[in-house]
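>
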Amino acid sequence: MNEPDGVRLQKVLSQAGIASRRVAERMILDGRVEVDGRIVTELGTRVDPDNADIRVDGTRVIVNEDLVYLAINKERGMHSTMSDDRGRPCVGDLVEHRVRGNKNLFHVGRLDADTEGLLILTNDGELAHRLMHPSYEVPKTYVATVIGRVPRGLGKKLREGVELDDGPVTLDDFAVVDTLPGKTLVKVTLHEGRKRIVRRTLAAVGFPVEALVRTDIGTVNLGDMRPGSIRVLTRKEIGELYKAVGM
């Protein structure tokens, strides 16, 4: 007698770390689980975990164990590439020493060598592409130390738009965090990814950047990660990234 195709849905949810099988069964019975766009309420349902689009409360569940999702706090002076033919320190060196099987990882949101902060690395090509594509408008937040004292009204000007040599840029948000002697600490949020866009935008309104740190990509936050450290994204963070780009 042939075995039925697929794996029981509650087992897939349990193996993905969503909940125990008993709790997963209750989720199914309560109508909280979708498979390929259809709410499933039958406990005998079997699915192909490699191909099915499974969601709990609307958030996608990642069940492919070959997919890797990492957050890195890139140090200043390190290049965002996975390798560097001139022997300069790069993100690939960091991953090679900390993570096995670092092949085919994409970095989401390149940072220039002088900028530190959050990078996402993944081998999920479609997610990486969408996160980087401006049409999905995934916000990225930076904290910048700029030269000079920022006047009132600058935020309004930046939100209305500034003309750069490669076209206009509009910030989603701008706030003064702190004032220092001769300097100002500001927080900037935007969804564009043009080269050195934050530095060029602030310089265009008269405030050159002395130091720059990216703190957020979407809902993923740098938190208390030390420079040069790596962590695996949580299931919740991965699900929120998928949701942000309509996957």
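For the sequence shown, UniProt numbering assigns the number 1 to the initial residue and increments by one for each residue that follows.
The C-beta atom is built at its ideal place from N, Cα and C for all residues, glycine as well.
(1) State the Cα-Cα distance for the pair valine 56 and glutamate 34, rounded to the nearest angstrom.
(2) Roughly how far, in whole angstroms, is the beta-carbon of glycine 218 from the beta-carbon of leucine 233, given that I think they are within contact range, below 8 Å?
(3) Please report the distance separating the alpha-carbon of threonine 184 from that of valine 143.
(4) Going by beta carbon distance, what residues of the same chain come within less than 6 Å of isoleucine 62, once the five residues before and after it are set aside?
(5) Please classify valine 188 as buried or exposed, where buried requires at least 16 neighbouring CB atoms within 10 angstroms.
(6) Going by DSSP in three states, glutamate 96 sits in which element: helix, strand or coil?
(7) Just the Cα atoms here: how many angstroms apart are proline 181 and arginine 149?
(8) Quick check on the DSSP output: what are the complete beta strand (DSSP E) runs of length 3 or more inside the stretch 196 to 236, in order along the chain?
(9) Specify the secondary structure class of residue 249 as computed by DSSP and reduced to three states.
(10) In the UniProt domain "RNA-binding S4" (7 to 68), which residue ranges form an unbroken alpha helix (DSSP H) of at least 4 residues, counting only runs that do not cross its ends?
(11) Here's the rule I'm using: 16 or more other beta-carbon atoms within 10 Å means buried, otherwise exposed. How should lysine 140 be labelled?
(12) Okay, do the stretch 67 to 75 and the stretch 211 to 231 touch, 3+ Cβ pairs below 8 Å being the bar?
(13) Expressed to the nearest angstrom, what Euclidean distance is found between the alpha-carbon atoms of serine 14 and valine 7?
(14) Would you mind working out which of Asp50, Ile54 and Leu43 sits nearest methionine 247, comparing C-alpha positions?
(15) Go ahead and pull the three-state DSSP assignment for leucine 164.
(16) Examine chain C for any beta-carbon lying closer than 9 Å to the beta-carbon of leucine 121, and answer yes or no.
(17) Spatial neighbours of proline 227 within its chain, please: C-beta separation below 7 Å, excluding the five flanking residues on both sides.
(18) So, with DSSP's three-state summary, where would you put leucine 190?
(19) For leucine 185, which of helix, strand or coil comes out of DSSP?
The answer reads as follows:
(1) If you number the sequence shown from 1, residue 56 lands on position 56. If you number the sequence shown from 1, residue 34 lands on position 34. When the Cα atoms are used, valine 56 and glutamate 34 turn out to be separated by approximately 6 Å.
(2) The sequence position of residue 218 within the sequence shown is 218, counting from 1. The sequence position of residue 233 within the sequence shown is 233, counting from 1. Actually they are not in contact, since the Cβ atoms of glycine 218 and leucine 233 sit about 11 Å apart, beyond 8 Å.
(3) Walking along the sequence shown from the start, residue 184 turns up at place 184. Walking along the sequence shown from the start, residue 143 turns up at place 143. Just so you know, the alpha carbons of threonine 184 and valine 143 end up roughly 10 Å apart.
(4) For the purposes of this step, residue 62 is taken as the residue at position 62 of the sequence shown. The residues are Ile238.
(5) Reading the sequence shown from its first residue, position 188 is the one you call residue 188. By the C-beta density criterion, valine 188 is buried, having at least 16 other C-beta atoms within 10 angstroms.
(6) By one-based count along the sequence shown, residue 96 stands at place 96. Correct three-state label for glutamate 96: helix.
(7) For this step, residue 181 is matched to residue 181 along the sequence shown. For this step, residue 149 is matched to residue 149 along the sequence shown. Using only the alpha carbons, I get a separation of about 8 Å.
(8) DSSP runs (the beta strand (DSSP E)) wholly in the stretch 196 to 236: 209 to 217 and 230 to 232.
(9) Outside the displayed span of the chain (1 to 247) sits residue 249, for which this structure offers no information.
(10) Taking only runs of at least 4 residues, the alpha helix (DSSP H) segments lying wholly in the UniProt domain "RNA-binding S4" (7 to 68) are 9 to 15 and 21 to 29.
(11) Translated into the one-based positions of the sequence shown, residue 140 becomes position 140. For lysine 140, the number of other beta carbons within 10 angstroms of its own is at least 16, and it is reported as buried.
(12) Judged by pairs of C-beta atoms under 8 Å, the stretch 67 to 75 touches the stretch 211 to 231, as three or more such pairs exist.
(13) The count along the sequence shown starts at 1 and reaches residue 14 at position 14. The count along the sequence shown starts at 1 and reaches residue 7 at position 7. Between the C-alpha atoms of serine 14 and valine 7 there is a straight-line separation of about 11 Å.
(14) Within the sequence shown, residue 247 is the residue found at index 247, counting from 1. Nearest option by C-alpha distance: Ile54.
(15) Along the sequence shown, one-based indexing puts residue 164 at 164. Here DSSP, grouped into helix, strand and coil, assigns leucine 164 to strand.
(16) This model lacks chain C altogether, as it is built from one protein chain only.
(17) The residue given as residue 227 occupies position 227 in the sequence shown. Counting only Cβ-Cβ distances below 7 Å, and skipping sequence neighbours, we find Asn73, Glu75 and Glu116.
(18) Mapped onto the sequence shown, residue 190 falls at position 190. DSSP places leucine 190 in strand when its eight states are reduced to three.
(19) Taking the first residue of the sequence shown as position 1, residue 185 is located at position 185. Of the three classes helix, strand and coil, the one that applies to leucine 185 here is strand, per DSSP.
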